[in-house]
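Okay, so here's the structure we're looking at.
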Amino acid sequence: MATVRQSDGVAANGLAVAAAANGKSNGHGVAAAVNGKSNGHGVAADANGKSNGHGVAADANGKSNGHAEATANGHGEATANGKTNGHGESNGHAEAADANGESNGHAEDTAANGESNGHAAAAAEEEEAVEWNFAGAKDGVLAATGANMSIRAIRYKISASVQEKGPRPVLPLAHGDPSVFPAFRTAVEAEDAVAAALRTGQFNCYPAGVGLPAARSAVAEHLSQGVPYRLSADDVFLTAGGTQAIEVIIPVLAQTAGANILLPRPGYPNYEARAAFNRLEVRHFDLIPDKGWEIDIDSLESIADKNTTAMVIINPNNPCGSVYSYDHLSKVAEVAKRLGILVIADEVYGKLVLGSAPFIPMGVFGHITPVLSIGSLSKSWIVPGWRLGWVAVYDPRKILQETKISTSITNYLNVSTDPATFIQAALPQILENTKEDFFKAIIGLLKESSEICYKQIKENKYITCPHKPEGSMFVMVKLNLHLLEEIDDDIDFCCKLAKEESVILCPGSVLGMANWVRITFACVPSSLQDGLGRIKSFCQRNKKRNSSDDC
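Those letters in the sequence shown? Residues 1 to 551, by the UniProt record's numbering.
Here is the structure:
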């Protein structure tokens, strides 16, 4: 196809399209230049360029007798005052695409005063209806319910209620990212390790799909400290944060037709979302508020069947702030063994334990049932934007190797994205050099703010906290809606709170607990006190008329 590119006197002798002012097309071409003529299958690319063959006329007054890509008398384009009548002035299939363009062939007129005497598609109403084969996406999980399975999406929805010119700053108490506060800045050793890795110039390349060997070995060494056996580099798969770790594991489990997975309620919604996207059935077990949000172990066997592949536990817990004991986790492992399922242990908050109860890695029980542990730098090092996490296999009996779960994870990562290579390269130094003083300082801040959070919630009769947080960055709080006027549910509460007080909370419905909210205490104490004070003021303004303010 050839193209002639400008205005007056353009003639194309091939398959042309008249594409500009006063361009006329009677053939099969495109005339696209100024006074350019082509007698072949060419394109005239400048003024007065002529082509008689199959050549290229690329400058003023240039002529070509070869295979032209400049002005066209063959299959060309006309953009202004150009006419095509066939292989000269084209009488075939042309397009007039600008003002006063006329076509006598099988043309499309797309501009002012364009006329078509052939088989034109100028009038939209005459276009043939098309049944698009991809239209079914509108009824798919992503389009229909995807926004209800994401903390990020619901947070944006609630943030939209904030008055742009409100008198007070917005206080984000909905998500666990305190990196915006200087007091929560990551360890200097971590920053130095990343800078050093980047400056070597050796880590601008693609990494292996499963991660750099040195980084995998460093994670294996780091995680082996808390279990009765040693992990190897082959037991570790690096991911782009804990989120990608979930994205890897769920599709692997969904390979079995009719499979289902057991998820905690309340829980982290990414698991449910990924299961839905991969058509993996979800069954819920409850966490019991009055028992420190322990797993309802007795219910596990009643909801599982021969198609159940795994269960998820989150410890320290998001969104509840609980930390599970050795005995409780041991019972979970024994039930999982009886059911023949593996345990996915989300342990991204493993270093953030605030009370006297120690963190027990689920991998301690890997000899009882296979465990896939999810970890990351994001929370413990306060660097969620660095996007580096991992899946660790605790399976001394090699069950996951025999069943090719580990192979499936490898194969998935080979066609997936990777964490940044220079962050991977820095990982050994980050894990080795970060001082315990850094973690003590972070835990000290979180412990202080958790105490403030629990105390002020107790002083607000309109909300109830059944259990003092012992870990992570969150606490679950029940809304006493019977004491509030014209508050429909947790989402309504959060939207109106955002509008009136510029405080953002996470509604419990996205976590599986309607009419609860999740509050993060991962912020500086002054901001937390301000936010909780605003919540109380909001409740008092919206109390039922027969309700007193006594706590």
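Note that the Cβ used here is the ideal one computed from N, Cα and C, for glycine as well.
All values reported here derive from a predicted model rather than from experimental measurement.
Span separating the alpha-carbon of residue i from that of residue j
i	j	result
Gly101	Leu505	Here Gly101 scores only 41 on pLDDT, less than 50, and its place in the model is too uncertain to base an answer on.
Val323	Pro316	5 Å
Lys543	Glu485	5 Å
Glu500	Leu171	12 Å
Ile491	Asn515	8 Å
Gly340	Ser406	17 Å
Leu212	Pro169	43 Å
Ile519	Ala498	14 Å
Val524	Tyr394	37 Å
Ala96	Phe134	At Ala96 the pLDDT is 38, less than 50, meaning the model places this residue with poor confidence; the figure from the coordinates comes in the next sentence. In a straight line, the C-alpha of Ala96 is about 31 Å away from that of Phe134.
Gly29	Trp132	Unreliable positioning characterises Gly29 in this predicted model, as indicated by a pLDDT of 41, which lies under 50. The coordinate reading is nonetheless provided below. Each residue's alpha carbon lies about 29 Å from the other.
Arg534	Ala174	14 Å
Val162	Val248	36 Å
Val364	Leu329	9 Å
Tyr349	Ala357	14 Å
Gly508	Asp489	10 Å
Ala426	Cys205	14 Å
Ala187	Lys435	8 Å
Arg541	Phe474	26 Å
residue 566	Leu372	Lying before the first or after the last residue shown, residue 566 is absent from the chain, which here runs from 1 to 551.
Lys536	Ile463	9 Å
Leu253	Ala273	14 Å
Lys448	Val477	First, the residue type needs correcting, since residue 448 is Glu and not Lys in the sequence shown. For Glu448 and Val477, the distance between alpha carbons rounds to 18 Å.
Lys458	Lys468	10 Å
Arg230	Ala218	12 Å
Asp98	Ala129	Confidence at Asp98 is low in this model, with a pLDDT of 42, below 50, so its placement is unreliable and no value can be given for it.
Ala345	Glu127	56 Å
Asp290	Pro466	6 Å
Ala31	Ala137	Legend: pLDDT at Ala31 = 38, less than 50; position of this residue unreliable, value from coordinates given subsequently. If I take the Cα positions, the gap works out to 40 Å.
Ile288	Lys379	25 Å
Ala420	Ser232	22 Å
Lys258	Ile250	The question names Lys, but residue 258 is Gly in the sequence shown. If you take the alpha carbons of Gly258 and Ile250, they lie about 14 Å apart.
Phe538	Tyr454	18 Å
Thr308	Arg279	14 Å
Ala310	Val180	36 Å
Top-ranked residue by Cα proximity to residue i, from the options
i	options	result
Asn318	Ile151, Ala137, Phe134 and Asn133	Ile151
Asp305	Ile295, His328, Asn260 and Tyr271	Asn260
Gly292	Val312, Ser325, Pro251 and Asn270	Ser325
Lys165	Ser527, Ser502 and Ala522	Ser502
Val227	Phe359, Ala441 and Thr421	Phe359
Arg216	Gly375, Glu459, Gly385 and Cys465	Gly375
Thr403	Gln255, Lys536 and Ile297	Gln255
Thr243	Asp418, Met473, Leu532 and Gln529	Asp418
Asp286	Arg279, Ile314 and Ser299	Ser299
Val415	Ala137, Asp234 and Val210	Val210
Lys331	Thr309, Ile368, Lys351 and Asp235	Ile368
Glu439	Thr421, Ser472, Pro466 and Glu459	The sequence given here places Phe at residue 439; Glu does not occur at that position. It is Ser472.
Val335	Lys468, Glu301, Ile409 and Ile295	Glu301
Arg397	Asp235, Arg279 and Asp296	Asp235
Leu238	Glu432, Ile409, Lys461 and Cys539	Ile409
Asn433	Gln202, Thr200, His222 and Phe422	His222
Gly201	Ser527, Phe422 and Arg545	Phe422
Residue i: CB within 7 Å of a non-hydrogen atom of the ligand SAH
i	result
Glu448	With respect to the ligand SAH, the structure offers nothing, as it holds no ligand at all.
Whole-number beta carbon distance between residue j and residue i, since they are thought to touch under 8 Å
i	j	result
Val517	Leu481	Wrong, their Cβ atoms sit about 11 Å apart, outside the cutoff.
Leu354	Ile443	6 Å
Met362	Pro269	Contact flag wrong, Cβ pair sits at about 21 Å.
Leu511	Pro178	Not confirmed; about 20 Å, so no contact.
Ala193	Gln429	4 Å
Ile382	Phe184	5 Å
Val343	Ile313	6 Å
Leu446	Ala333	That belief does not hold up - the Cβ atoms of Leu446 and Ala333 are roughly 28 Å apart, past 8 Å.
Ala196	Phe203	Going by Cβ atoms, the distance from Ala196 to Phe203 rounds to 10 Å, so no, they are not a contact pair.
Gln424	Pro207	6 Å
Gly389	Gly531	Not confirmed; about 29 Å, so no contact.
Ala276	Val141	5 Å
One or two residues paired with residue i in a DSSP bridge
i	result
Asn260	Glu281 and Thr308
Ser373	Ala345 and Ala392
residue 558	There is no way to answer for residue 558, as the model of the chain reaches only from 1 to 551.
Pro172	Ile504
Ile295	Leu287
Leu238	Trp390
Arg265	Asp286
Next on the checklist: I'd like the ranges of any beta strand (DSSP E) spanning at least 3 consecutive residues and lying wholly in the segment 211-235.
Outcome noted: none
Item to check | Contained alpha helix (DSSP H) runs [length at least 4] in the segment 457-520, N- to C-terminal order | outcome: 490-501
Item to check | beta strand (DSSP E) runs wholly inside the segment 332-360, at least 3 long, in chain order | outcome: 342-346
Next on the checklist: My parser needs the alpha helix (DSSP H) runs of 4 or more residues fully inside the segment 127-152; what are they?
Outcome noted: 141-144
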